[in-house]
Amino acid sequence: MMIGLFDTVKNGLSSITAGVVRFGLKPIKYFIDNNFRSKVQPVAGSVVYCDLWVAVEHSGIYVADNGISNVEVTGFADSQVRLSNPTDFTSKSTMGKKIYVSCHDSHAVGHDKVGNYAAQQVGERLFYGLVFKNCHEFSSSCLKQIPEQDISFWGKLWGEFTDFFDPEWEFTIRQLKRNARLHLGANKWRLWDWDGNAANEPEPDWQAQQDYFQQQALTPEFIRQLRYELLETRDYEQEIADENIPKHIRQKLHQFRQNLEDISDTYQKAEAFLNGCPEAKLSFNDLQNSPEDFALLAKEMAQNQGIRELVRKMGRNYVSEEIKQRVKVPTRSRSEVHGVALGNDLMRMLPNEMALLDDETLETLFYSRLLESQLQCYELQGISLIDEEQTTQQQKAQTGPVVACLDTSSSMAGEPLIKAKAALFAIANILQREQRSLYVLLFSDSGQVAEFALNHADNLAGLMRFLQQGFGGGTDYETPLNRALEIIEQQPEFEKADVLMLSDGDCNLSDEFVRHWKQKKERLNCTAYSVLCNGSRTEDNFSDEILVL
Numbered sequence: 001m002m003i004g005l006f007d008t009v010k011n012g013l014s015s016i017t018a019g020v021v022r023f024g025l026k027p028i029k030y031f032i033d034n035n036f037r038s039k040v041q042p043v044a045g046s047v048v049y050c051d052l053w054v055a056v057e058h059s060g061i062y063v064a065d066n067g068i069s070n071v072e073v074t075g076f077a078d079s080q081v082r083l084s085n086p087t088d089f090t091s092k093s094t095m096g097k098k099i100y101v102s103c104h105d106s107h108a109v110g111h112d113k114v115g116n117y118a119a120q121q122v123g124e125r126l127f128y129g130l131v132f133k134n135c136h137e138f139s140s141s142c143l144k145q146i147p148e149q150d151i152s153f154w155g156k157l158w159g160e161f162t163d164f165f166d167p168e169w170e171f172t173i174r175q176l177k178r179n180a181r182l183h184l185g186a187n188k189w190r191l192w193d194w195d196g197n198a199a200n201e202p203e204p205d206w207q208a209q210q211d212y213f214q215q216q217a218l219t220p221e222f223i224r225q226l227r228y229e230l231l232e233t234r235d236y237e238q239e240i241a242d243e244n245i246p247k248h249i250r251q252k253l254h255q256f257r258q259n260l261e262d263i264s265d266t267y268q269k270a271e272a273f274l275n276g277c278p279e280a281k282l283s284f285n286d287l288q289n290s291p292e293d294f295a296l297l298a299k300e301m302a303q304n305q306g307i308r309e310l311v312r313k314m315g316r317n318y319v320s321e322e323i324k325q326r327v328k329v330p331t332r333s334r335s336e337v338h339g340v341a342l343g344n345d346l347m348r349m350l351p352n353e354m355a356l357l358d359d360e361t362l363e364t365l366f367y368s369r370l371l372e373s374q375l376q377c378y379e380l381q382g383i384s385l386i387d388e389e390q391t392t393q394q395q396k397a398q399t400g401p402v403v404a405c406l407d408t409s410s411s412m413a414g415e416p417l418i419k420a421k422a423a424l425f426a427i428a429n430i431l432q433r434e435q436r437s438l439y440v441l442l443f444s445d446s447g448q449v450a451e452f453a454l455n456h457a458d459n460l461a462g463l464m465r466f467l468q469q470g471f472g473g474g475t476d477y478e479t480p481l482n483r484a485l486e487i488i489e490q491q492p493e494f495e496k497a498d499v500l501m502l503s504d505g506d507c508n509l510s511d512e513f514v515r516h517w518k519q520k521k522e523r524l525n526c527t528a529y530s531v532l533c534n535g536s537r538t539e540d541n542f543s544d545e546i547l548v549l
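So the sequence shown is residues 1 to 549, counted in full-length UniProt numbering.
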């Protein structure tokens, strides 16, 4: 697949490939298949394939004398069937020169009719391309020249079931293997040592395999890739179940598959939270090391109207106010007759047009002219200005960084802290997307403050780890509020930042402190928001705006 166009991307991928192909099932298969499984020589009509890159394979039909009939894609929906030798067939591979052959148990399997049909197609230009059709579909069309074998009902049902959950809509190697099983009875895929250079494949670094997948950001794209690897691994374990593979190698393969399953299950449990924070880029390790209840956090982020309103206000698209102004708008004056024009304005119609209504025969002509705007009317001209109200929108002034103060006192334990963290994660996500900085202060009693700076270059994993700590005890607002203004005053990247106080409001500030703090806040030209998470308090004396979660 993609033979003709692969050159255009190969150079760009080669630097990536060196770091990626060491991970995943394919290097594991190469190790096991080279060292512990017998190799075969294809027969006429055998299906063969090679790995081009991480999740890309190229397939064809073995004809005879080392010839392979396969599709070479030359354009978006243009291709040609050509006869390749093994060297040409694997020339675009970035993963070595290995070719797999359809087998039944220990022997290669094919069919003369399949091979003959594939040979007859050589030279044909077909509608095969990179999107709607590919080399696997060509190979399957060759297989369909012979009837399906007598596969058990449960075997067919399993094949259809696995195809249904195949994460790729494009015709894949998995579907080709299923067709090879139906038409040729192929139940295994073994290596062909076509060049006589099958050296011992080194054993993969199993721990590095585990670490690689556990450290990847759990994006939807990565999870699709991982679940495809999981399907392939299960198939491979089933394929070699009756073969003489060392026990310790089977155990390591089982652990590899178990690791993929654990990551997939963890993603599924935290999927709603991750969807709510698409900029988080959290890994399996990040989620495993966090005590957070991601289901509760996701529920608050999705259903709490106060959090949604807070996110709206913190976003750059928030419109803070409407400005209405009076403007002069020109309008047509009816004070000056300029001439005669055609129209349908009955108020300016010439008297002779009215005469048409006195004659029953001409009355129809009048209505016809009216509908077609062909009545003779006085043409009035002139310009005058009138007052009209015009509404414009002014963007929120503070669309920069945020300094958030999170109360971790004893009174915040339980649901209030869940709400506060959900709000903070939602805010952090939108700031990350808009490349705005966030500074977080955890506080409790007097003098108890912990700090964490999240700039747009970081992911949210560090913030999640930071939020695992807390103080308990009483509540002191003065220390975090003063520290917030110090950060805004001293750090240029936080100039004119919003101050966000996330608390249950269970704290009293002296009038003198509030007066001095507000003066400094106004001098720094910043805005203070209070986000009350408990519901028992609905107001305070220091913030510009209050939201209740």
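We treat Cβ as the ideally placed atom computed from N, Cα and C, and that holds for glycine.
To the nearest angstrom, how far is the alpha carbon of PRO291 from that of LEU191?
Straight through space, the alpha carbons of LEU191 and PRO291 are spaced by roughly 46 angstroms.
For PRO86, count neighbouring C-beta atoms within 10 Å of its own C-beta (all shown protein chains included) and say buried if the count is 16 or more, exposed if not.
So PRO86 counts as buried.
Does the Cβ of MET347 have 16 or more other Cβ atoms within 10 Å, making it buried, or fewer, making it exposed?
Result: exposed.
Is it buried or exposed, TYR117, if we count other Cβ atoms within 10 angstroms and call 16 or more buried?
TYR117 counts as buried, since at least 16 other C-beta atoms from the protein chains shown sit within 10 angstroms of its C-beta.
Rounded separation between ASN34 and TYR100 - CA only
Each residue's alpha carbon lies about 11 angstroms from the other.
Do LEU441 and ALA404 count as a contact pair if the criterion is CB distance below 8 angstroms?
For ALA404 and LEU441, yes; Cβs fall inside 8 angstroms.
One question on the structure: do PRO401 and VAL449 come within less than 8 angstroms of each other, judged by their Cβ atoms?
Result no, Cβ atoms of PRO401 and VAL449 do not sit closer than 8 angstroms.
Candidates PHE36, VAL63 and ARG37: which alpha carbon is nearest VAL48's?
That would be VAL63, whose Cα lies nearest to the Cα of VAL48.
Would a C-beta distance cut-off of 8 angstroms place PRO42 and ALA119 closer than the cut-off?
No, the Cβ-Cβ distance between PRO42 and ALA119 is not below 8 angstroms.
TYR236 (DSSP reduced to helix, strand or coil):
TYR236 falls in the helix class under three-state DSSP.
How would you call PHE89, buried or exposed, if buried means at least 16 neighbouring beta carbons within 10 angstroms?
By the neighbour-count criterion, in which a residue is buried when 16 or more other Cβ atoms sit within 10 angstroms of its Cβ, PHE89 is buried.
With C-beta atoms as the reference, is GLY110 less than 8 angstroms away from SER69?
Taking 8 angstroms as the Cβ cut-off, GLY110 and SER69 do not qualify as a contacting pair.
So the beta strand (DSSP E) ILE99 belongs to, where does it begin and stop?
ILE99 -> beta strand (DSSP E) spans 99 to 104.
Quick check on the DSSP output: the beta strand (DSSP E) that includes GLU451 runs from which residue to which?
Note, GLU451: beta strand (DSSP E), 449 to 454.
Mind listing, in chain order, the continuous alpha helix (DSSP H) runs of no fewer than 4 residues lying wholly within the region 183 to 269?
Within the region 183 to 269, the complete alpha helix (DSSP H) runs of at least 4 residues are 206 to 215 and 220 to 239.
Extract the residue ranges of the alpha helix (DSSP H) inside the region 266 to 292, only unbroken runs of 4 or more that lie entirely within it.
Listed in chain order, they are 284 to 288.
Looking at LEU454: is its Cβ nearer than 8 angstroms to the Cβ of SER437?
A distance below 8 angstroms separates the beta carbons of LEU454 and SER437.
Which residues in the same chain have their Cβ closer than 6 angstroms to the Cβ of TRP189, if we skip the five residues on either side of it in sequence?
A distance below 6 angstroms between beta-carbons, with the five flanking residues on each side excluded, links TRP189 to the following residues of its chain, in chain order: TYR100.
For GLU478, tell me which candidate among VAL56, SER84 and PHE542 has the shortest Cα-Cα distance.
Here the closest residue by C-alpha is PHE542.
Less than 8 angstroms between C-beta atoms, sequence neighbours within five positions excluded: which residues of the same chain meet that for HIS104?
Closer than 8 angstroms at the Cβ level, and outside the excluded window around HIS104, lie LEU184, GLY185, ALA186, ASN187 and LYS188.
Would DSSP call CYS533 helix, strand or coil?
Under the three-state reduction of DSSP, CYS533 is assigned to coil, being neither helix nor strand.
Determine the contact status of SER283 and GLN214, defining contact as a CB-CB distance below 8 angstroms.
With contacts defined by Cβ atoms closer than 8 angstroms, SER283 and GLN214 form a contacting pair.
Answer with buried or exposed for MET301, where buried requires no fewer than 16 other C-beta atoms within 10 angstroms of its C-beta.
Buried, because 16 or more other Cβ atoms sit within 10 Å of the Cβ of MET301.
Spatial neighbours of LYS97 within its chain, please: C-beta separation below 6 angstroms, excluding the five flanking residues on both sides.
Hits under 6 angstroms: THR90.
Using 8 angstroms as the threshold, is the region 262 to 280 in touch with the region 233 to 253, meaning 3 or more CB pairs across them?
These segments do not touch.
Taking GLU489 as the reference, which of SER510, TRP517 and ALA217 has the closest Cα?
Relative to the Cα of GLU489, the nearest Cα in the group SER510, TRP517 and ALA217 belongs to TRP517.
Got a sec, what are the start and stop residues for the beta strand (DSSP E) ASP498 sits in?
That run of the beta strand (DSSP E) goes 498 to 503.
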